[in-house]
Every structure is written in structure tokens, then in C-alpha cells.
Amino acid sequence: LFLLLALYHKLILPYPASDTSSKKEKKGAYWEVLASFFKIKGIVPAIAFLLLYRFSESQLTKMASPFLLDSRENGGLAMSLTEKGFAYGTVGIISLLIGGILGGILAARHGLKKWIWWMAIAINLPNIVYIFMSYVLPENSVTINLMIAVEQFGYGFGFTGYMLYMIYLASKSKYKTAHFAIATGFMALGMMIPGMMSGYIQELLGYQHFFIYVIICTIPSFIALWFVNRTLDPDFGIKNDTVG
């Protein structure tokens with residue numbers, strides 16, 4: 001249906017004579033923008049960082065909800081949909097926002113380079129609360145909400161560094177908007193691929209060992225960060241440097 005509509009719009013609908021463009025120029029411009037992204041200095045470690053920074057978190061995110069909802073016989077917390085919705089939709093969101101705002105304030109005061117290691121730690125290490133919950137299986141909703149708040153606060157704080165790095169990467173090019181869009185594509189890819197395999201790994205390992213595995217998966221994130229941090233401008237992020 002959509003294909004037929006597209007053909008109708010292309011072949012039948014009228015359009016003004018001024019609404020024309022050079023196909024060769026468009027194609028050339030697209031390839032120039034794409035090629036110039038891969039010519040940015042240090043692009044290989046930068047892409048590795050974009051793909052691996054959330055390697056652990058992307059797997060945890062996919063399995064956190066099943067863990068909260070699954071029965072205790074299967075190793076889950078047996079929360080109701082209402083309880084889970086409050087934990088992630090209210091407590092988690094508030095904690096996420098607080099973490100993100102704090103990360104932005106600190107980066108604006110001291111620069112991204114000063115805080116990016118702490119942000120990487122914040123987005124990765126709080127995942128350990130799921131190891132605790134998978135072994136203890138707490139029944140107290142306050143305890144569960146507190147654990148989720150800690151993890152989501154760390155996620156918000158750490159994700160700030162990720163977003164600022166993408167802005168920094170794009171700022172080194174004359175195609176800032178296009179290159180930021182390409183960077184977000186790598187971000188999505190870095191979430192999608194690990195997330196696709198997380199369910200299979202959880203079924204293979206069980207919740208307890210899966211969450212231990214998730215912590216081990218933080219190692220590539222720190223390795224990738226070590227490479228990009230070496231060339232990171234220490235002044236980037238301070239005051240208005242993140243704009244443009």
C-alpha cells in the first residue's frame with residue numbers, strides 16, 4: 001500500500017517547476033558527508049566507544065523488566081505490573097533526571113574530560129544492585145525501589161557523558177548535525193546488538209549469573225574510554241563549549 005502511494009506521489013501528483021534538484025549533486029553531497037565522518041581524527045576508537053560504552057547497560061535494560069516481573073520460582077521478584085510501573089516509571093525516571101541534570105552541571109563547570117571516567121563508572125557499576133536483588137530476592141518494595149533508583153541515577157549521570165562525547169565528536173567536523181546523527185546511529189546499534197542476545201544469555205545462565213556476566217561486560221566500556229579520553233579536549237563542555 002505504501003509502495004503504491006509512493007509511486008502515485010512520484011508519478012502523478014503535480015509539483016512546482018522550482019521543486020527540482022540535481023541528483024548528482026545530492027548523491028555527491030551524501031557521500032561527502034558520510035566519508036568525512038570516517039575521516040575524523042581518531043574515528044576508530046571513537047566508534048568503538050560509541051558501540052561499547054553501553055554494552056553492559058544495553059543487556060541489563062532488556063532483562064530488568066522480565067526479572068522484576070518473573071516468578072520467584074524462576075528467580076524473579078514477582079512484582080505486579082503496577083509495582084513495576086511505579087518503580088521504573090516514577091522512581092526510576094525521577095532518579096534518571098536527577099542524575100542527568102547533575103552530570104550536565106558538573107560537565108559545564110569542569111569539562112567533560114574531568115568527569116567522563118566517573119560517568120562511565122556511574123553508568124556501569126550500579127548494575128551490581130541486580131546481583132544483590134537476584135540473590136536476596138527482596139520482598140520489600142522500598143528496598144527494590146531504592147535499588148532501582150541507584151541504578152537509574154547512575155544511568156542518567158553516565159549517559160550525560162555519552163551524549164556530550166557525541167556532541168564533541170561532531171563538533172570536530174563542518175557537518176556537525178549530520179555527523180551527530182551518524183553518531184546516534186552507532187549509539188542505537190550499540191544498544192540493539194547486545195540487547196538482541198541478552199535474552200538467550202539469560203536463559204542460558206539464569207538471572208544470578210546473568211547479572212554477574214553484565215558486570216563483566218563493563219570491561220570493554222572502560223577499555224574503549226581509555227583510548228578516546230587520551231585525545232579528549234580538557235576544555236570541552238565548560239560553559240558554552242557544548243553548543244555548536
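Under my numbering, residues 1 to 244 are what the sequence shown spells out, in order. The beta-carbon is built from N, C-alpha and C at its ideal position, and this holds for glycine as well. Everything numeric in this text was worked out from a predicted model, so none of it was measured.
Helix, strand or coil at residue i according to DSSP, with G and I counted as helix
i, result
"E83", "helix"
"Y8", "Its pLDDT being 49, under 50, Y8 is placed unreliably by the model, and the measurement read from it follows with that caveat. In the structure shown, Y8 sits in a helix (DSSP, three-state: H, G or I)."
"R230", "coil"
"E151", "helix"
"N127", "helix"
"S173", "coil"
"E139", "coil"
"I94", "helix"
"I238", "coil"
"G161", "helix"
"G156", "helix"
"L77", "coil"
Range of the contiguous alpha helix (DSSP H) that encloses residue i
i, result
"I216", "176 to 216"
"N124", "112 to 124"
"I40", "Looking at the DSSP string, I40 is not in any alpha helix (DSSP H), and its letter there is neither H nor E."
"S58", "55 to 69"
Close Cβ partners of residue i (< 6 Å) along its chain, the five nearest in sequence each way excluded
i, result
"P66", "none"
"L232", "K113"
"C217", "F55, S56"
"A224", "A48, F49, L52"
"G92", "I148, Q152"
"M63", "S198, Q202"
"Y207", "F67, G75, S134"
Beta-carbon proximity list for residue i, same chain, < 7 Å, skipping 5 on both sides
i, result
"P220", "L52, F55"
"L102", "F157"
"P194", "F55, S58, Q59"
"L205", "Y213"
"L164", "A107, L112, G237, T242"
"V33", "Y175, A178"
Any C-beta of chain B under 8 Å from that of residue i
i, result
"L51", "You won't find chain B in this structure, because it holds only one protein chain."
Close-in-space but distant-in-sequence residues of the same chain around residue i (CB under 8 Å, 5 per side omitted)
i, result
"I40", "A46, L169, K172, S173, H179"
"W249", "Nothing in the structure corresponds to residue 249, since the chain is present only between 1 and 244."
"A108", "G237, I238, K239, T242"
"M166", "L50, F180, A183, T184, M187"
Is it the case that the region 88 to 98 contacts the region 129 to 141, given that we only count it when at least three CB pairs across the two stretches are under 8 Å? no
Could you say if the region 66 to 83 and the region 188 to 196 meet the contact criterion of at least three C-beta pairs nearer than 8 Å? no
Specify whether the region 109 to 127 and the region 152 to 162 touch according to this definition: at least 3 beta carbon pairs, one from each stretch, less than 8 Å apart. yes
Inspect the CB distances between the region 139 to 157 and the region 199 to 212 and report whether three or more fall short of 8 Å. no
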